[in-house]
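Reading through the structure tokens given below for one structure.
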Amino acid sequence: MAYNTTIAALCTTAHLAPMFAGFTALDSVVYHNANLTATLVTNYTNTPGSGPTWPEHTGLNFCNVSITYGHINLEDSVSLDHSSPIHLVPHAHQLTTKIINEFWLPNPVDYKNRVLATGGGGWSNSGASSMGGGLSYGAVSVYTDGGFGGPTSALNSNILQAGGNETIAWSALESYAFLANHEMITNARQLASAFYNVTADHIKTYYFGCSEGGREGLKAIQTYPKDYDGVIAAAPGIYLPLTQPIQNFAAWTMAQMQHIIDPCAFVAIQNDIIAACDTADGLRDDIVSRPDLCTYNISNSIGTMWSNCTQGGPGAPTSGTVSEADAQLVTTLYKGPLLKNGERTWFAYNLGIDWTSNGGTVWNNETQSFDLGSFSYFKDVYQMFWAQNTATPVINFTEVSTDLVYQNISSLFRLIGGWTTSAWPDLSEFQAAGGKAITWHGTQDQLLPTIMSASYYEDVRRHMFGANSTYAQIQEFYRYFQVPGADHCSINPAEPHGPFPQYAIAQLIDWVERGIAPDTLNGTTQSGSSTQEIVCMWPSAPVWDVNGTFGCETTANFAETLIQKPDAWKISLF
Ligand SMILES: [Ca+2]
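Residue 1783 in this note's numbering sits at position 470 of the sequence shown, and the numbers go up by one each step.
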């Protein structure tokens, strides 16, 4: 096919239907050409997405293709991948009838033999909001809905098979956990090959996802190590199902301590921490680049006053003072969830995070005080896996303790952890296939503790190369970056001048296609001005000397000092 063929001529269902009919890479899959659509989009403005995670482009033309497929072979549970002697490949073993894949196919003159698959967030596999990333780099982009009913639908509304006998729909969980991702990149590679008439060998496959999407990216390189040439697994929710309910330990801690905090007090303490910790990195710039060097005692915030605060919502007081009970609560929260015997069940959050989402409270006009919020992640896990009941659960957090949550998550790990966690530390097959991976994680992540990514990265290093290995070996194919001041997958409104890795996809492409490995990530700032835009590579960290000169410093035992493993778990989860 000549490159001067116009995208308009190519972007028709008549042209595309035979392509899908010819796909053979996935066993047990049938494509529904009746649901095939092809829409030409012209003069499109590609905005940089949440984060932001790619640059803006204007005047783009592309073909938006959507199709559904289903699984037809119910018995085919596992088969051998004959290209690898001992590699078992999981297959769908229950009927999932309608999974949507949407593809954005660039104008042939812009196409650069790349595919960029996108990952989801929360309980969703859908990277629909990240599709623009591919257009910026001449790549076909793709998302999957996982079979959940569209790009805004998710696992939690599909996993329970209702009708009096409410049980887990295992095919839905399997799709969410790993299979939908494998199928979308396999479909996208085939479509790119057919649409642009290039052999699949010449197409480089990339992945970008953050949070749940980060978990999907790690799961992909652990489970299907040949699916991707390059992966960005940012702020990954590695330890699902532990990751979800435990984010809301602020809720049961408030209930247990019988102190439901005013969110303005959370914010007042956060502001105190940021002010106190800012210069620990050597530079006063309103960015806490080194929370690890900060030793702020939260009792110092007792008496801090706030005014004009609207965080409490309509009717709530707009001014107030941090109380001793507020300070005790926040001190307890920063220790992270501990069992009664003192053992840790989860990583601690870095000083300076925003607790108002993790520990949301709601003003009650009748009682003139705050109530606990809804805490959807805790509720979802309770409903999907513990209660297995389609009725919306009512949770009394005064009856919930860290010990109880630990017991329930422990049983849940045994039930579904093999599918949902992405903590497998052996990435040697991915490395052998030539794959490159980047993980970045904001130092002020308020949902998934920053240190969990560092912990997993160190697990990979130790497992593959030994505890005394130099970082040179793991960095040959996998690099980790902590993003100063960033919160969960995004620029942090409380520290908006921080550098954000907007061009990480470009750097990953350079690594895969040109062998230029990123020693730092190029951060951009979206607000105000920053004196540095460099994101240091683990285990180095940013520091300014007395002359204000920036550097990435490596200190001895940095990782060992920083990573407090959840020692309650006596098995190798971490
Ligand atoms: Ca600073």
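Just so you know, even glycine gets a beta-carbon here, dropped at the ideal spot from N, CA and C.
Please read all numbers here as calculations on a predicted model, not as lab measurements.
One or two residues paired with residue i in a DSSP bridge
{"i": "Q1474", "result": "T1480"}
{"i": "T1566", "result": "In the DSSP output, where bridge partners are listed per residue, T1566 has none listed."}
{"i": "V1718", "result": "Paired residue(s): none; V1718 is not in a bridge."}
{"i": "I1751", "result": "I1545, R1792"}
{"i": "S1612", "result": "Beta-bridge pairing links S1612 to no other residue."}
{"i": "L1353", "result": "C1376"}
{"i": "K1517", "result": "R1427"}
{"i": "E1866", "result": "A1854"}
{"i": "H1370", "result": "N1359"}
{"i": "T1631", "result": "Per DSSP, none; premise fails for T1631."}
{"i": "R1502", "result": "Answer is none; R1502 lacks a bridge partner."}
{"i": "W1619", "result": "G1633"}
Beta-carbon gap between residue i and residue j smaller than 9 Å
{"i": "T1733", "j": "L1531", "result": "no"}
{"i": "T1674", "j": "D1684", "result": "yes"}
{"i": "T1752", "j": "Y1793", "result": "yes"}
{"i": "F1461", "j": "S1449", "result": "no"}
{"i": "T1358", "j": "C1376", "result": "no"}
{"i": "P1464", "j": "E1415", "result": "yes"}
{"i": "T1658", "j": "L1651", "result": "yes"}
{"i": "T1512", "j": "G1543", "result": "no"}
{"i": "V1856", "j": "L1834", "result": "no"}
{"i": "A1330", "j": "N1346", "result": "yes"}
{"i": "L1553", "j": "S1363", "result": "no"}
{"i": "D1800", "j": "Q1759", "result": "yes"}
{"i": "K1648", "j": "D1716", "result": "no"}
{"i": "P1797", "j": "G1836", "result": "yes"}
{"i": "T1756", "j": "R1528", "result": "no"}
{"i": "P1419", "j": "G1447", "result": "yes"}
{"i": "H1328", "j": "A1334", "result": "no"}
{"i": "G1455", "j": "T1431", "result": "The sequence as given places Val at residue 1455; Gly does not occur at that position. Yes, these two residues count as a Cβ contact at 9 Å."}
{"i": "C1577", "j": "G1625", "result": "yes"}
{"i": "V1342", "j": "H1384", "result": "yes"}
{"i": "F1521", "j": "S1443", "result": "yes"}
{"i": "L1664", "j": "F1698", "result": "no"}
{"i": "L1504", "j": "M1777", "result": "no"}
Cutoff 9 Å: residue i Cβ touching any chain B Cβ
{"i": "H1810", "result": "No chain B is present in this structure, which holds just one protein chain."}
Burial state of residue i, where buried means 16 or more other Cβ atoms lie within 10 Å
{"i": "K1749", "result": "buried"}
{"i": "W1882", "result": "buried"}
{"i": "Q1290", "result": "As shown, the chain starts at 1314 and ends at 1887. That puts residue 1290 outside it, with no answer to give."}
{"i": "R1597", "result": "exposed"}
{"i": "E1808", "result": "buried"}
{"i": "R1427", "result": "buried"}
{"i": "H1495", "result": "buried"}
{"i": "V1707", "result": "exposed"}
{"i": "H1754", "result": "buried"}
{"i": "G1616", "result": "exposed"}
{"i": "R1727", "result": "exposed"}
{"i": "R1827", "result": "exposed"}
{"i": "K1411", "result": "exposed"}
{"i": "P1627", "result": "exposed"}
{"i": "I1600", "result": "buried"}
{"i": "S1488", "result": "buried"}
{"i": "Q1681", "result": "exposed"}
As assigned by DSSP and simplified to three states, the class of residue i
{"i": "S1524", "result": "coil"}
{"i": "D1639", "result": "helix"}
{"i": "V1391", "result": "Reliability fails at V1391, whose pLDDT of 41 lies under 50, so the model's placement of it is uncertain and the value that follows must be treated cautiously. Three-state DSSP puts V1391 in a strand."}
{"i": "G1383", "result": "strand"}
{"i": "Y1344", "result": "strand"}
{"i": "H1572", "result": "coil"}
{"i": "I1551", "result": "coil"}
{"i": "L1646", "result": "helix"}
{"i": "H1810", "result": "coil"}
{"i": "S1397", "result": "Legend: pLDDT at S1397 = 46, less than 50; position of this residue unreliable, value from coordinates given subsequently. Coil."}
{"i": "W1824", "result": "helix"}
{"i": "V1848", "result": "strand"}
{"i": "R1727", "result": "helix"}
{"i": "L1329", "result": "helix"}
{"i": "W1732", "result": "helix"}
{"i": "L1339", "result": "coil"}
{"i": "L1651", "result": "strand"}
{"i": "S1803", "result": "strand"}
{"i": "N1317", "result": "Note on N1317: pLDDT 44, under 50, position unreliable in the model; the coordinate value appears next. In the structure shown, N1317 sits in coil (DSSP, three-state: anything other than H, G, I, E or B)."}
{"i": "L1886", "result": "coil"}
{"i": "L1596", "result": "coil"}
{"i": "L1834", "result": "strand"}
Let me know the beta strand (DSSP E) ranges lying completely inside the region 1404 to 1478, each 3 residues or longer, listed in chain order.
1412 to 1419, 1427 to 1431, 1452 to 1457
Which runs of the beta strand (DSSP E) fall wholly inside the region 1662 to 1710 and span at least 3 residues, in chain order?
1674 to 1677, 1682 to 1685
Within the region 1754 to 1788, ranges of the alpha helix (DSSP H) (whole runs, at least 4 residues):
1763 to 1778, 1784 to 1788
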